[in-house]
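Contents: one structure, followed by commentary.
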Amino acid sequence: MGSGKRNKKDKEEKKKKKKKETEEITILDDEDDEVVLVEGAEKDWVPAAASADAEKEVENEDEFGAKDFRSLMTLRPDHDVRPLWVGPNGHIFLEAFSPVYKHAHDFLIAISEPVCRPEHIHEYKLTSYSLYAAVSVGLQTNDIIEYLTRLCKTSLPAGIVEYIKMCTSSYGKVKLVLKHNRYFVESSHPDTLQILLKDPVIQECRLRQPEVT
18 MGSGKRNKKD KEEKKKKKKK ETEEITILDD EDDEVVLVEG AEKDWVPAAA
68 SADAEKEVEN EDEFGAKDFR SLMTLRPDHD VRPLWVGPNG HIFLEAFSPV
118 YKHAHDFLIA ISEPVCRPEH IHEYKLTSYS LYAAVSVGLQ TNDIIEYLTR
168 LCKTSLPAGI VEYIKMCTSS YGKVKLVLKH NRYFVESSHP DTLQILLKDP
218 VIQECRLRQP EVT
């Protein structure tokens, strides 16, 4: 009797485990929603940059349990004329009373996600998806880093610079285009195309134009 219950329990656990190994994705269609089953967990098919989180990289805490970033950030002599703080965990704090608030606010809306905006201090957060959105509207990696450096009251944390580069260096450089019922990979960046062509699977799919004699 006890053995039968154990076998039933084992089967249920195997079913749960198998279910976890397959993720459901809903692809929105003009007519109906289509559910596609993808093998593996989300981490297996989502790019590393998209799942990266700057907040997980920093765990420094002081004796009161608060995050302590003093060793990672150097206060600038002219910090009083700069409008924001950029933490190593990706959180940005903007002074709403700053004379350059409007320009800084428009920039942060383009590259980050708002967290809370009380009267005097507004909080934003850098995420992989907000940085992707920034690149999609034409902002370049160096532009984002340079403008943040100019607005920040302290030195820009090295981890944030690397995080921005990781999340923006490849985004938007390759497009998958449907032409004549066939998919084509297009890019206006030669260095990115060279990286793709090193992949043996992509090499086999390369479209070669016949030589004109």
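The opening residue of the sequence shown carries number 18 in the working numbering; numbering runs sequentially from there.
In this text, a Cβ means the ideal position worked out from N, Cα and C, and glycines have one as well.
Since this is a predicted model, take the numbers as computed values, not measurements.
- Task: Could you check which residue in LEU210, SER115, GLU179 has the C-alpha nearest to that of PRO105?
- Result: GLU179
- Does any CB atom of chain B fall closer than 8 Å to the CB of SER147? Absent here is chain B; the protein component of the structure consists of one chain.
- Beta-carbon spacing of GLY189, SER145 below 8 Å: no
- Query: In terms of residues, what are the limits of the alpha helix (DSSP H) holding VAL191?
  - Reply: Looking at the DSSP string, VAL191 is not in any alpha helix (DSSP H), and its letter there is neither H nor E.
- Query: CA-CA distance, VAL103 and SER205?
  - Reply: 33 Å
- Counting Cβ pairs closer than 8 Å, one from the region 136-144 and one from the region 106-120, do we hit at least three? yes
- Task: State the start and end residues of the unbroken alpha helix (DSSP H) segment that holds ARG167.
- Result: 158-168
- Query: Which ranges does the beta strand (DSSP E) cover as unbroken runs of at least 3 residues, wholly within the region 86-131, from first to last along the chain?
  - Reply: 101-103, 108-112
- Reference CYS169; option with closest CA among GLU130, ARG93, GLN157, GLU203: ARG93
- In angstroms, rounded to a whole number, what distance separates the CA positions of VAL98 and PRO116? 8 Å
- Residues near PHE124 in its chain [Cβ-Cβ closer than 7 Å; skip 5 each side]: TYR164
- How is the beta strand (DSSP E) around MET178 delimited, first residue to last? This sequence places Val at residue 178; Met is not what is there. Per DSSP, VAL178 belongs to no beta strand (DSSP E); it is in the alpha helix (DSSP H), 175-185.
- Closest by C-alpha distance to LEU143, when choosing among ILE181, ARG199, GLY155: ILE181
- From the DSSP output, in three-state form, read off THR144 for me. coil
- Query: Between ILE161 and THR185, which are expected to be in contact by the criterion C-beta below 8 Å, what is the C-beta distance as a whole number of angstroms?
  - Reply: 7 Å
- Query: Relative to the alpha-carbon of LEU101, which residue among HIS120, LEU193, ALA83 has its alpha-carbon at the smallest distance?
  - Reply: HIS120
- Exposed or buried, what is PRO174 when buried is set at 16 or more other beta-carbons lying within 10 Å of its beta-carbon? buried
- Out of curiosity, what's the CA-to-CA distance linking GLU221 and TYR200? 14 Å
- What is the DSSP secondary structure of VAL202, reduced to helix, strand or coil? strand
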